[in-house]
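Contents: one structure, followed by commentary.
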Amino acid sequence: MNRVRASAFAAAFLIALAVPVATTAPADPPGILISRQLAEREHLHAGDLVSLALDATGSGARHFRIDGTYEPTPDPLRFTARRLEARMHLPDLIAMTADPADPAAAESLTAINVRLKDPQNAVRFSDAVTARVPGIVVRLTSRARDGSDPFVVLERFHVAVAVVTVLGSTAFLLALMVMRAEERRETIGIIRLIGISQRSILIEVLVEGLLIATAGAVFGILLAIATQGAVNQFFQWRYDTALVFVRVTRSIALQSIAVSVPLGILAGLVGSWTLLRRDVLALVGR
Amino acid sequence: MTAWGLAWRTIARSPARSVLAVVGVTVIGALLFDMLLLSRGLLVSFRDLLEAQDFDIRVVAAEGSMVHRPPIANATSLAEAIARLPQVRRVTLLRTESAQAIVPGGDHLRIALVGTTSAAAGSVWTMTSGASLPTVTAAGAPPPLVISTRLASELQLEPGSELQLRLFRPGTASALPLVAARVIGVAQFTFEAADEYTVATTMEGFAAAAGTRDSTVAEMVLVSSQKGAGAAAAAAIARLRPDVRALSNEQVMEQFNENAFSYFRQISTVLSSMTLAFAFLLIATLLTMSVNQRLGEVAALRALGFPRRRIAANLLWESVLLVGVGGVAALPVGGLLALALDRILRQMPGVPERLHFFVFEPRTVVLHAVLLSVTGALAAVYPIWLATSLPIAATLRREILS
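Protein chains in written order, with this note's numbering: chain Z, 45 to 330; chain L, 32 to 433.
In structure tokens:
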């Protein structure tokens, strides 16, 4: 515990009052870091002296010097929260918050972050600590697989919305392909009259569909890459966070191609099949 | 023949194409409808839950919020002072903590233990069997428990069953001893999450489980004011103690709307906009291709004396038919889709089982109709311009030559 106290830099999410100090500050107050959001809101800068207290009345306020500002680590579970935070050395935090009547208060911590030499041992380490120290909860930083991860649910929701969008666009694509095939009715009739087989026409349609679908998928991915910055900027501005909301990864790009290319080819084939099964004379209007 | 009749014949001439276009509009319209439901669903559902509770004011510590609720010292005396206010009808205390519920010699589960008073019955929970919490507990008697129906079913408990509780004390490195309690009733809890088991006991029972005799600490005071006296009651409560904050249902909803619900509002706005843009592009493309295929026909009609206005009306009616039929069909399809999406989102941990993300409101149907109509009308602008501005003689000549 002492090692932690000596080395750790406390993350102090204080319900605190940050007030610039005009007078009666000690000669060399301890340094703190404040979040960018707090600095902007209270117009604070490095070198300013502030007093922090645990309640709005300011009782028991202590003086600190701002050594710098920091961008809070983006937290998807708290991205709607206003990150008005300060970080101070752990002894300073304990001096502010510990109850003098409680001898154990100075030895109490909210959390200890541990980095293992071998991350593969995380589960074993977690089990060992839980068994040895009653009354504490050990959580792995990897994503939970017990249904307690809200992002798994959000992912399912987004996949469901994507599936519905694909269904809608498939219907539209089929309608467009049917219209396109109808436009080429006479051309296909003439091609068949001069002896080109249905199989050759079908292969031509297949290759054409493949090219168009691939071009469409690549264009869609390029559009997504081009617009992801705008989406991120909007949400980052809206929630004042550095969190990245949209990222077009290679896996997502490949998934998009894997869905859209076969669908495009299929739509082209279905559209053309309506013409190929017709009598050749009917196609040329005889 | 009217423009509407001509539009109908044009659509009926290519049934496959028209059916596919309507199916496309239906699916996209259903998605739009769902995003509109999502934009206000949580708010409407949460308001329903709050109003069903019959408490219109919530008192929390001044430094806290509805999510982070530090304990209020001397909450019992505060509740008594609030109850004496003429604007107040009913008051109850609330305190929550995680605990382990153990069936003697059997299973155990992590639960949410709620300490409260008898006044909470009928609002915070609805009894399904047994009795509610007593006003007074006999000295030395085991803490009485009202457990949720899900917990009763999971651990096969009923009124009269014994249950042992071990409260988890955050921030302490020691485990509290087991406390023997007795189930006296089974109830449905308004705010119980799908992944949670709730157990309610008296404030004394909660203090016993916490290993203390101090039952005067609470984290929230629920207040039911006299009819029409909500604002006056909240102001009077705020005057009682400076270290507490009285929040009306509207203020509670505002807090949640600003923070917890805002992501879904934003995502629904983004997806609604994208859906509308998508629908616009696709309808415009379909109509444009349709006009391009019928340039000769349009030129012939114009040559016969059809005015531009009728040609434009014909195309507008085509758009109205596609979007109208698809838009109407989108409502039931969207309703079914909303049920499926709601089921997915309600799997999110900590979400009350009775809270819904998609809630039907008549205004959503109106908004859906307006948005689709505007999109359909805008999508018809370019094809209309194409059809009404084509040179008649040149088009006819080109058609005859081809």
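Where is the CB? At the ideal position from N, CA and C, for every residue including glycine.
Nothing here was measured: the structure is a model prediction, and the numbers come from that model.
Under 8 Å between C-beta atoms, does residue i make it to chain L?
i	result
D143(Z)	no
V222(Z)	yes
R395(Z)	Summary: the structure shown does not reach residue 395(Z), with chain Z confined to residues 45 through 330, and so no result is reported for it.
R282(Z)	yes
K161(Z)	no
D99(Z)	yes
L128(Z)	no
L58(Z)	Its pLDDT being 46, under 50, L58(Z) is placed unreliably by the model, and nothing is read from it.
F263(Z)	no
A215(Z)	yes
T174(Z)	no
V288(Z)	no
G184(Z)	Reading off the sequence shown, one finds Leu at residue 184(Z), where the question assumed Gly. No, L184(Z) lies away from the interface with chain L (no Cβ there is under 8 Å from its Cβ).
Please report the distance separating the alpha-carbon of residue i from that of residue j.
i	j	result
I234(Z)	I269(Z)	43 Å
I423(L)	Q324(L)	15 Å
G273(Z)	T124(Z)	20 Å
A257(Z)	L372(L)	29 Å
P117(L)	G259(L)	12 Å
V249(Z)	V288(Z)	41 Å
L140(L)	I133(L)	7 Å
R181(L)	E227(L)	9 Å
V351(L)	V145(L)	56 Å
V182(Z)	Q164(Z)	16 Å
G75(Z)	G91(Z)	9 Å
A38(L)	G355(L)	13 Å
I296(Z)	L62(L)	22 Å
P165(L)	A231(L)	12 Å
D72(Z)	I110(Z)	12 Å
T353(Z)	L267(Z)	The question about residue 353(Z) has no answer, for chain Z in this structure spans 45 to 330.
L68(L)	A315(L)	26 Å
L302(L)	V53(L)	21 Å
P120(Z)	F199(L)	27 Å
A34(L)	I342(L)	8 Å
So is residue i buried or exposed if we call it buried at 16+ other beta carbons inside 10 Å?
i	result
A92(L)	buried
P144(Z)	exposed
G72(L)	buried
R44(L)	exposed
D323(Z)	exposed
W281(Z)	exposed
T159(L)	exposed
R176(Z)	exposed
R339(L)	exposed
G191(L)	exposed
I298(L)	buried
N157(Z)	exposed
H334(L)	Here residue 334(L) turns out to be Ala, not His, going by the sequence shown. When all chains shown are included, A334(L) counts as exposed.
I268(L)	buried
I240(Z)	exposed
G336(L)	exposed
D65(L)	buried
So that I know if they touch, is there some Cβ in chain Z lying closer than 8 Å to that of residue i?
i	result
Q118(L)	no
I375(L)	yes
Y413(L)	no
A360(L)	no
E94(L)	yes
L144(L)	no
V58(L)	yes
R244(L)	no
Residue i bridges to which residues according to DSSP?
i	result
A140(L)	The sequence as given places Leu at residue 140(L); Ala does not occur at that position. Answer is A132(L), bridged to L140(L).
L37(L)	Its beta-bridge partners do not exist; DSSP assigns none.
P117(L)	Answer by DSSP bridge pairing: none, since P117(L) is not bridged.
A220(L)	One point to set straight first is that residue 220(L) is Phe, not Ala, in the sequence displayed. Paired residue(s): W156(L).
L251(L)	The identity of residue 251(L) in the sequence shown is Met, whereas the question assumes Leu. In the DSSP output, where bridge partners are listed per residue, M251(L) has L125(L).
P383(L)	A224(L)
T229(L)	A143(L)
R109(Z)	G75(Z) and L93(Z)
L196(L)	A132(L) and V210(L)
Is any beta-carbon of chain C found at less than 8 Å from that of residue i?
i	result
P194(Z)	Protein chains in the displayed structure are Z and L, and chain C is not among them.
The stretch 102-118 of chain L touching the stretch 246-260 of chain L, judged by at least three CB pairs closer than 8 Å: They touch, by the three-pair rule.
Is it true that the stretch 171-190 of chain L meets the stretch 205-222 of chain L, where meeting means three or more beta-carbon pairs spaced less than 8 Å apart? Verdict: yes, contact present.
Taking three-plus beta-carbon pairs below 8 Å as touching, is the stretch 411-425 of chain L in contact with the stretch 232-247 of chain Z? The stretch 411-425 of chain L makes no contact with the stretch 232-247 of chain Z, as fewer than three CB pairs between them are under 8 Å.
Would you be able to state if there are at least three C-beta pairs under 8 Å between the stretch 316-330 of chain L and the stretch 293-311 of chain Z? At 8 Å Cβ cutoff, the stretches do not touch.
Say whether the stretch 352-366 of chain L touches the stretch 398-406 of chain L, bearing in mind that this needs 3 or more beta-carbon pairs closer than 8 Å, one atom from each stretch. Taking a cut-off of 8 Å for Cβ pairs, the stretch 352-366 of chain L and the stretch 398-406 of chain L touch, as three or more such pairs fall below it.
Meets three-Cβ-pair contact criterion under 8 Å: the stretch 377-392 of chain L and the stretch 204-213 of chain Z: As far as the Cβ criterion goes, the stretch 377-392 of chain L does not touch the stretch 204-213 of chain Z, which means the pair count is below three.
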